[in-house]
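A.B. asks:
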Amino acid sequence: MSLNPKDIEIATRAADHFTRIYYTAYDSDTRLADLPQFYRQTSSLTWNGKPFQGVDGLKELVARMPPTQHEVQSFDCHPIPGAQPPSLLITVSGNVTHGKGPSGNPPDTPVRSIEGHPRVFAQTFILVPDPLAPPTKPGEVAKYYVGADALRFVG
Amino acid sequence: MSVFSSPAPAPGSKAIAANALRSAGLIDRDAPMRDISDSNPGGRKGRHSIRLSTSTHAGPSDPLAIRGAARPSITGRIRRNAISNSTPGSSGIPVRVSTKPKAVDAWREFVNKRYNPETKYLNLDSMIDDEMVKKYNLTPPGHGGTARDAAVIFKLASQLKPEVQSLSLANNNLTGVLLTQLPRYLPKIVNLSLHNNKIRDKKEIHMIVPRKDKMIHLRELVLTGNPIREQSYKNGIGEVYRADIIRRFSSLEVLDQQPIAQISFDAPQSSSSNMPVEKPNATTFPFDMNPSFVTGVVPFLLTTSLSSSFFNAFDSQREALIHAYHPSATFSFSANTSIPARARLVGFHSSRDMPNQRKLDWRIWLDSGSRNLNRIGTDPKKIKEDLHVGNEKIVKALKGLPGTRHEIGGPAERFSIDAFPVPHGQTTGLLVILHGQFTEAATGGVRSFDRTFILLPAEEGSASKLNGWDIVIISDQWIIRSYSSHEAWKPGPLLVQAVSPASSGVGSSLQQQQLQASIPPLQPDQQAMLASLPEPQRNLVVEVIKQTNLNVKFAIDCLTGNGWDLGRAVANFNEVKVCWQGLFYLQSFVLTIPFCF
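Those protein sequence lines, which keep their order, are chains A and B. For the first sequence, UniProt numbering begins at 1 and goes up steadily by one. For the second sequence, UniProt numbering begins at 1 and goes up steadily by one.
1. Hey, does L58 (chain A) have any beta-carbon neighbour from chain B nearer than 8 Å?
2. Of all the CB atoms in chain A, is at least one closer than 8 Å to the CB of W489 (chain B)?
3. Nearest CA to the CA of G142 (chain B): which residue from B:M127, B:L192, B:P380 and B:L156?
4. Starting from the beta carbon of residue 156 (chain A), find every residue of chain B whose beta carbon is closer than 9 Å, and list them in chain order.
5. How would you write the range of the beta strand (DSSP E) that D130 (chain B) sits in, first residue to last?
6. To the nearest angstrom, report how far apart Q165 (chain B) and D16 (chain A) are at their CA atoms.
7. Check whether the Cβ atoms of K188 (chain B) and N226 (chain B) sit closer than 8 Å, and answer yes or no.
8. How far does the beta strand (DSSP E) with I263 (chain B) in it extend, from its first residue to its last?
9. Taking Cβ positions, are S332 (chain B) and D76 (chain A) nearer each other than 8 Å?
10. Which residues of chain B have a Cβ atom closer than 8 Å to the Cβ of Y23 (chain A), listed in chain order?
11. In chain B, what lies closer than 7 Å to V55 (chain A) by C-beta?
12. Go ahead and label N290 (chain B) buried or exposed: buried means 16 or more other beta carbons lie within 10 angstroms of its beta carbon, across all protein chains shown.
13. Below 7 Å on C-beta distance, what does L32 (chain A) contact in chain B?
14. Tell me which residues share the same chain as A148 (chain A) and place their Cβ nearer than 6 Å to its Cβ, disregarding the 5 neighbours each side in the sequence.
15. Compile a chain-ordered list of the residues in the stretch 120 to 134 of chain A whose CB is closer than 7 Å to at least one CB of chain B.
16. Using a Cβ-Cβ distance under 8 Å, would V96 (chain A) count as near chain B?
17. Can you tell me which of B:L178, B:E163 and B:L398 puts its alpha carbon nearest to the alpha carbon of V190 (chain B)?
18. Does the beta-carbon of V432 (chain B), which I'm using as the reference point, lie nearer than 7 Å to any heavy atom of the ligand ADP?
19. Name the residue from A:V55, A:K50, A:P86 and A:L151 whose alpha carbon lies nearest to the alpha carbon of P131 (chain A).
20. So, at 7 Å on beta carbons, what are the nonlocal neighbours of S158 (chain B) in its own chain, with the 5 sequence-adjacent residues on each side left out?
21. Is the Cβ-Cβ distance between L32 (chain A) and V277 (chain B) less than 8 Å?
22. What separation, rounded to the nearest whole angstrom, lies between the Cα atoms of V92 (chain A) and I394 (chain B)?
23. Interface residues of chain B around H17 (chain A) at Cβ under 7 Å?
24. Using 8 Å as the threshold, is the stretch 552 to 567 of chain B in touch with the stretch 523 to 533 of chain B, meaning 3 or more CB pairs across them?
25. Do L455 (chain B) and I479 (chain B) come within 8 Å of each other at the CB atom, strictly closer than that value?
26. Straight-line CA distance for N312 (chain B) to A329 (chain B)?
27. Nearest to L387 (chain B) by alpha carbon, out of B:Q477, B:P340 and B:G444?
28. According to a CB-to-CB cut-off of less than 7 Å, which residues of the stretch 72 to 93 of chain A neighbour chain B?
29. So, are the CB atoms of A341 (chain B) and H117 (chain A) less than 8 Å apart?
30. Let me check one thing: in DSSP terms, what residues is S416 (chain B) bridge-paired to?
31. Check whether chain B comes within 8 Å of Q37 (chain A), counting only Cβ atoms and requiring the distance to be less than that.
32. Which class does S368 (chain B) belong to by DSSP, given the choice of helix, strand or coil?
33. Decide yes or no for the touch test of the stretch 408 to 416 of chain B against the stretch 479 to 488 of chain B: beta carbon pairs closer than 8 Å, at least 3 of them.
34. So which residues on chain A does A528 (chain B) lean against when the C-beta distance must stay under 8 Å?
35. Could one say the Cβ of S44 (chain A) lies closer than 8 Å to chain B's Cβ atoms, at least one of them?
36. DSSP three-state call for K202 (chain B): helix, strand or coil?
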């Protein structure tokens with residue numbers, strides 16, 4: 001049960017790639033087709049304290065979610081010690097604008113109103129290797145999916 | 001999918017050579033110069049369609065235009081042939097202006113000829129040797145052509161249909177400066193061969209992809225035959241070269257025809273993106289902000305109140321936490337130094353109620369090893385140094401971090417916890433995410449944080465167990481950010497846009513939605529369990545679930561443990577949930593998890 005430098009390097013790179021493609025998918029017009037691909041029926045999610053289960057739960061969650069624009073400001077990733085290949089723990093901090101942002105507020109909105117302005121979000125993912133998806137690419141260690149996903153607006 | 005198994009050709013030299021022939025043959029038959037005939041020979045249209053254009057379109061004061069003129073670029077050379085003694089800017093003769101778009105049209109014809117739409121492969125190998133280039137007297141980048149000439153070619157390539165997936169620029173004498181516009185025009189390129197060019201070092205790669213959010217779809221890159229690669233291998237640092245390139249392109253799967261060990265995802269494919277789906281267009285949130293979500297633990301089975309609270313120790317004597325971490329645990333922290341938009345509007349930074357905010361300085365955190373991979377992602381040394389592995393190293397790192405006061409026992413609304421079980425190898429762990437605030441001991445300023453733990457039951461006979469820790473931390477990630485109010489997670493409706501003070505209907509409909517909120521959908525086994533109860537008990541269970549988010553089994557356990565008294569059960573739950581904020585009161589819960597699933 002220990003990590004080697006290679007695990008750390010692969011995990012770091014995977015997190016980098018994942019955060020880019022995940023939020024690109026979330027913010028795209030094709031979110032409803034793109035985002036479920038990252039999940040499986042066993043995935044557990046919470047969105048601001050509300051639980052959802054699996055791909056269907058994810059679809060239920062995002063189907064009526066307003067348009068989003070995420071900006072990742074920091075992220076970190078560990079290979080979780082214990083299994084080979086290891087699962088990954090990823091935490092992301094950033095901001096997210098919903099709908100039209102401040103410009104979508106009614107004209108008589110007070111200047112100091114925070115509504116419509118970007119929120120700070122904190123999101124934790126556990127990425128898990130999928131034993132049922134054999135590697136299809138050269139060099140592929142495993143195909144990973146989102147095993148757990150917990151998001152909260154925190155600012 | 002790799003190009004090796006896909007219909008798109010591998011842009012390695014052999015495949016590229018074969019494809020050049022194939023592609024050229026196809027184009028000769030099927031794609032006669034349609035763009036030439038389409039375009040307006042008068043030149044205005046051509047000028048307008050290529051805005052980032054060849055050097056002649058820039059004013060004479062433009063340094064690039066001057067360089068283009070000094071070294072004959074496409075248009076420069078054509079112009080000299082067309083009108084003798086003419087220099088850029090000096091021409092008052094309107095007649096021969098039409099030579100300019102011809103260069104663009106010639107490049108368009110060339111790019112079309114070299115494109116194979118079936119394989120989405122644009123083969124721009126050895127441009128200088130091409131018959132058409134010779135015929136039109138074109139100056140390819142790398143052989144006198146400038147970065148602007150290259151940009152014209154990339155822009156023309158970006159107009160090809162279907163979209164270019166593979167691009168070979170092999171054997172063109174190209175340097176990094178000539179390729180700076182490539183990601184701008186072809187951001188979605190999947191396979192790229194730069195075989196046999198003149199790219200010398202990392203700096204030139206940096207010119208092409210200054211930021212890591214460029215070319216995020218690139219799966220295969222060929223740099224063989226460039227000094228950056230060949231010199232590295234000659235000097236015995238081939239692995240360093242490889243690691244550098246791999247880090248810079250986070251999506252890369254194959255480099256120089258060698259696969260890269262990597263984790264992949266079922267990322268959205270272009271095929272799925274083309275499926276018609278409903279665009280996100282909601283103007284309200286589908287769900288409210290909910291209170292802390294805690295499940296998978298059996299709070300009411302908790303009988304021992306453990307004396308050791310993680311955060312008390314964290315704030316006062318961090319070395320006491322040595323056995324709270326597993327011997328192979330991981331820890332790191334990351335600082336998000338951005339200023340939150342809403343906190344700025346409220347004005348916490350200059351608030352009279354928080355006089356110490358102005359004393360805060362990110363430097364002490366950044367200098368203590370912040371592992372924000374957004375910032376340090378390309379620094380292999382920091383990636384390893386700032387991830388602390390093993391309980392001894394973790395405690396040593398913790399002791400080096402600035403002092404904190406979490407005041408976990410303070411107002412409960414300042415903290416939020418989401419916790420649920422997650423598979424861990426053959427057993428089950430608990431994912432715990434705590435959001436809240438702490439005071440920096442040195443400055444008295446307040447910061448917000450998000451902390452994620454993965455917890456496991458301590459093994460029998462382990463040092464943790466012997467030292468009284470029934471559960472251990474296997475992973476711990478700590479995000480430290482500028483202070484934002486806990487109002488952010490106050491339960492209730494969330495707004496997308498501000499509500500006009502004039503309109504009143506919206507608020508009431510939100511309240512209605514909230515009233516209608518019932519228990520989350522249940523799994524079949526849970527439904528069966530609920531259905532097996534007599535009616536009065538079933539209603540109590542539903543009520544407990546509504547108020548606590550517990551699942552059916554735990555709700556039943558909770559009620560049983562409290563004599564089927566709804567008030568007592570919920571109070572008991574809330575009581576223990578507050579204890580959760582001391583986190584390590586959890587210890588005995590987790591032990592029960594393996595038996596619950």
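Every residue gets a Cβ at the ideal spot worked out from N, C-alpha and C, and that includes glycine. Fair warning: this is a prediction, and the values are worked out from it, not measured in the lab.
C.D. replies: According to the structure shown:
1. no
2. It does; some Cβ of chain A falls within 8 Å.
3. Check the Cα spacing between G142 (chain B) and each of B:M127, B:L192, B:P380 and B:L156: the tightest is with B:M127.
4. Because chain A in this structure spans residues 1 to 155, residue 156 (chain A) falls outside the shown range and cannot be described.
5. First-last for D130 (chain B): undefined, no H or E at that position.
6. Each residue's Cα considered, the two are about 22 Å apart.
7. no
8. Q262 to F265
9. yes
10. Per Cβ cutoff of 8 Å: no residues; Y23 (chain A) is ~11 Å from chain B at best.
11. Per Cβ cutoff of 7 Å: no residues; V55 (chain A) is ~11 Å from chain B at best.
12. buried
13. V277 and E278
14. Taken in chain order, the residues that qualify are S44 and I126.
15. V120, A122, T124 and I126
16. no
17. The shortest C-alpha separation from V190 (chain B) is found at B:E163.
18. The model depicted lacks the ligand ADP and carries no ligand whatsoever.
19. A:P86
20. Y185 and L186
21. yes
22. 21 Å
23. S250 and S251
24. The way I'd put it, the stretch 552 to 567 of chain B does touch the stretch 523 to 533 of chain B; three or more beta-carbon pairs between them come closer than 8 Å.
25. no
26. 20 Å
27. B:Q477
28. V72, Q73, S74, F75, D76, C77, H78, I80, P81, G82, A83, L89, T91 and S93
29. yes
30. DSSP links S416 (chain B) through a beta bridge to B:H435.
31. Yes, its Cβ sits closer than 8 Å to a Cβ of chain B.
32. coil
33. Taking a contact to require three or more Cβ pairs closer than 8 Å, the stretch 408 to 416 of chain B and the stretch 479 to 488 of chain B qualify as touching.
34. Correct list: empty, because the minimum Cβ distance to chain A is about 17 Å.
35. Using a CB distance cut-off of 8 Å, S44 (chain A) counts as an interface residue toward chain B.
36. K202 (chain B): helix per DSSP, three-state reduction.
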